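Undergrad: Provided herewith is a single structure, encoded as structure tokens, for subsequent inquiry.
Protein chains: 2
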Amino acid sequence: MNPDPSPEVSAALVVIGDEVLSGRTKDKNIGTVADFCTDLGIALKEVRVVSDDRAEIVAAVNAVRARYTYVFTTGGIGPTHDDITADAVAAAFGVELEVSDEARQILEDRYGSVDVSPARLRMARVPAGGTLIRNSVSAAPGFSIGNVHVMAGVPKVMEAMLEDLATRLHGGAKMLSRSVDCRVGESVVAAGLEAIQNAHPKTKIGSYPQIGRLPVYTQLVVRSTDPDELAAAAAEVKALVDEMHAKKNIKPGEDNPT
Amino acid sequence: MNPDPSPEVSAALVVIGDEVLSGRTKDKNIGTVADFCTDLGIALKEVRVVSDDRAEIVAAVNAVRARYTYVFTTGGIGPTHDDITADAVAAAFGVELEVSDEARQILEDRYGSVDVSPARLRMARVPAGGTLIRNSVSAAPGFSIGNVHVMAGVPKVMEAMLEDLATRLHGGAKMLSRSVDCRVGESVVAAGLEAIQNAHPKTKIGSYPQIGRLPVYTQLVVRSTDPDELAAAAAEVKALVDEMHAKKNIKPGEDNPT
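So this is what it looks like as structure tokens:
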């Protein structure tokens, strides 16, 4: 048996925060991390949103770090009592939480040594063996330990941390996609799409209707890491849609009158 | 031992969709379901986003339905081959998936019996023992089985289904909140906040700094189901903030000059 020539590089994201679960904050980090992973050829396989509860964070981090190449976390690394992510990740790895000299230096460079209060110093605590993730926005660093990358919850800070991380992660085969515009309802193309999906198991075909939009519009998306399979399946989807358009007298570029 | 006078009513949400994990679609349903739960006095405790993979959906649904009062799912209930949520939820419950006469009737009423193709009929399949969740937008129903409520992924359709569900769910003690505007950095109030949190264990105090905004601004949020505890803790937080504002010569209503 040959090894898989392009083993999948996978990831999970753990979003930590009562404010997301209460609805007070509308999360933007899931979409940003998803785009980041897709751009790097990393398959984001799972997201969990958990509360600011140590046992919940430990359980979620341990469940996903065993399964995926990378784990990202967002939230809970500020200076206040409700910021318990560093404690929880140290507990998940069974290591001590230590004040990092490097992180303390970063905070002192930004705020001056006098102004690095015990609360600010809380942001310099890193599990033993961890390395820092820098960010240019707030100075307070995140950290990486094992395959787990711990980032801030504030979107601008999180994005700056992803920039720092990007150069240190390696992606896999990049997922490619093609979309075909379809101006008949998805029920009309469902049987044909399923046959194309079955004939091209190395692709994944999705159907995304836009509800409430008239004329009817459905975007059909073919995804694959194999460019030849992608092209072949997308051509078949295009032919199917052209056939259905012709049956309903929808000419290219013309709107569906129903 | 007396029973807990207001046992917590809890919930989890399972978002099903490759398009969310790839970044192609930016999820809006998490925020909507979070607000819905908070309004009803239901504590949303966990969210999982999983791919269009039967085993993943079964595992996620079974993990959360054992733990929480309610489970909501969004996505994967359309007419195409990639819509496998109904199959997966039936498998999770170990029951057959059947075409529901009631759901078929709803589709026929909307589309006419001739136009209810095998693909559309796929949307009438409900696990044995399930009941329908109606929606006014697309007609295709969701369903409830046990404590699991299966809804569409398209936000407008999902919202219509929540409207239908709302009358059938019972909430618990409603979570109340008060927020205090703080114009010093969260590091400055961290020690005081922690002391207040420790003195009021029936509240949960969160600190939400706005990065990139000057003057410095942090929103401190106290939450509790107990109105007296809420008022007491919020008053202490307000006093703490007033004291810190006075120390930094920030007068009420005046912007922090740093």
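Protein sequences appear in the order of chains A and B.
Quick note on the numbering used here: the first sequence kicks off at 715 and runs consecutively.
Quick note on the numbering used here: the second sequence kicks off at 715 and runs consecutively.
Just so it is clear, CB atoms sit at the ideal spot from N, CA and C, and this is done for glycine as well.
Computed from a predicted structure; not experimentally measured.
1) Check whether chain A comes within 8 Å of LEU758 (chain B), counting only Cβ atoms and requiring the distance to be less than that.
2) With 8 Å as the threshold, decide whether the Cβ of VAL862 (chain A) is near any Cβ in chain B.
3) Does the region 839–851 of chain A come close enough to the region 804–812 of chain A that 3 or more CB-CB pairs lie under 8 Å?
4) Is THR939 (chain B) near LEU883 (chain B), with beta carbons less than 8 Å apart?
5) Can you confirm whether THR917 (chain B), when its beta carbon is compared against all beta carbons of chain A, has any partner nearer than 8 Å?
6) Quick check: is the beta carbon of ASN970 (chain A) nearer than 8 Å to any beta carbon in chain B?
7) In the region 774–790 of chain B, which residues sit with their C-beta less than 8 Å from some C-beta in chain A, listed in chain order?
8) Can you pull out the residues from the region 898–913 of chain A whose beta carbon lies closer than 7 Å to at least one beta carbon of chain B?
9) Going by DSSP, name the residue or residues bridged to GLN933 (chain A).
10) Would you kindly report the start and end of the unbroken beta strand (DSSP E) that includes SER827 (chain A)?
11) Within 8 Å (strictly less), CB to CB, does LEU876 (chain B) reach chain A?
12) Report the residue from A:GLU957, A:LYS961 and A:GLY920 whose alpha carbon sits nearest the alpha carbon of ILE730 (chain B).
13) When the distance is taken between beta carbons, is SER814 (chain B) closer than 8 Å to ALA777 (chain B)?
14) Taking CB distances under 8 Å as the criterion, tell me whether ALA953 (chain A) reaches chain B.
15) At the 8 Å Cβ level, is GLU957 (chain B) part of the contact set with chain A, yes or no?
16) Determine, using beta carbons only, whether ILE744 (chain B) comes closer than 8 Å to chain A.
17) Near TYR784 (chain B), which residues of its chain fall below 6 Å by C-beta distance, leaving aside the five closest residues on each side in sequence?
18) If you measure from the beta carbon of TYR922 (chain B) to each beta carbon in chain A, is any gap under 8 Å?
19) Can you tell me the Cβ-Cβ gap for VAL763 (chain A) and VAL761 (chain B), rounded? I've got them flagged as a contact below 8 Å.
20) Ignore the nearest five residues each way along the sequence and tell me which others in PHE978 (chain B)'s own chain have a CB closer than 6 Å to its CB.
21) Quick check on ALA960 (chain B): buried or exposed, where buried means 16 or more other Cβ atoms within 10 Å of its Cβ?
22) Round the Cβ separation of VAL898 (chain A) and VAL930 (chain A) to the nearest angstrom and send it over; I've been treating them as touching at under 8 Å.
23) Kindly list the residues whose CB is nearer than 7 Å to the CB of ASP878 (chain A), restricted to its own chain and excluding five residues on each side of it in sequence; keep chain order.
24) Going along the region 795–817 of chain A in order, which residues come within less than 7 Å of chain B, judged by CB to CB distance?
25) Less than 8 Å between the CB atoms is what I'm expecting for ARG893 (chain B) and LEU944 (chain B), so what's the real figure, rounded?
26) Going by beta-carbon coordinates alone, are GLY790 (chain B) and ASP766 (chain B) separated by less than 8 Å?
27) With the cut-off set at 8 Å, would you say ARG834 (chain B) and LEU821 (chain B) are in Cβ contact?
28) Skipping 5 residues on each side, what residues in its chain have a beta carbon closer than 8 Å to that of ALA866 (chain A)?
29) Does any C-beta atom of chain D lie closer than 8 Å to the C-beta of VAL723 (chain A)?
30) Check whether the Cβ of THR752 (chain B) lies closer than 8 Å to any Cβ atom in chain A.
31) I want to verify the contact list: residues of chain A whose CB lies under 7 Å from the CB of LYS740 (chain B), in sequence order.
32) Measure the C-alpha to C-alpha separation of VAL951 (chain B) and LYS965 (chain B) and round it to an integer number of angstroms.
33) Going by DSSP, what residue range makes up the alpha helix (DSSP H) through PRO832 (chain B)?
34) Give the straight-line distance between the Cα atoms of LYS918 (chain A) and TYR782 (chain A), rounded to the nearest whole angstrom.
35) At least one CB of chain B closer than 8 Å to the CB of ASP749 (chain A): is that the case?
36) Just to check my reading of the structure: GLU900 (chain A) and PRO923 (chain A) have Cβ atoms closer than 8 Å, yes? What is that Cβ distance to the nearest angstrom?
TA: Reading it off the structure:
1) The Cβ of LEU758 (chain B) sits closer than 8 Å to at least one Cβ of chain A.
2) Answer no: the Cβ-Cβ gap between VAL862 (chain A) and chain B never drops below 8 Å.
3) yes
4) no
5) no
6) Confidence is the limiting factor: at ASN970 (chain A) the pLDDT is only 46, short of 50, which leaves the residue's position unreliable and the question unanswerable from this model.
7) none
8) Legend: CB atoms of the region 898–913 of chain A lying less than 7 Å from CB atoms of chain B belong to residues GLU900, SER901, ALA904, ALA905, LEU907, GLU908 and GLN911.
9) A:ASP895 and A:TYR922
10) Note, SER827 (chain A): premise wrong, no beta strand (DSSP E); not H, not E.
11) no
12) A:GLY920
13) At the C-beta level, ALA777 (chain B) and SER814 (chain B) stay beyond 8 Å of one another.
14) no
15) no
16) yes
17) ALA725 and ASN861
18) yes
19) Confirmed, Cβ separation roughly 4 Å.
20) Residue 978 (chain B) lies beyond the stretch modelled for chain B, which goes from 715 to 972, so this question has no answer here.
21) So ALA960 (chain B) ends up on the exposed side.
22) 6 Å
23) ILE847, ARG848 and ASN849
24) HIS795 and ASP796
25) In the sequence as presented, Arg is not what sits at residue 893 (chain B); that position holds Ser. With 8 Å as the limit, SER893 (chain B) and LEU944 (chain B) do not qualify as a contact, their Cβ atoms being about 11 Å apart.
26) yes
27) yes
28) THR788, GLY789, ILE791, GLY792, ASN849, SER852, ALA854, GLY856, MET872 and MET875
29) Structure shown: chain D not included; protein chains present are A and B.
30) yes
31) GLY745
32) Rounded to the nearest whole angstrom, the C-alpha separation of VAL951 (chain B) and LYS965 (chain B) is 17 Å.
33) Note, PRO832 (chain B): alpha helix (DSSP H), 832–836.
34) 20 Å
35) yes
36) 5 Å
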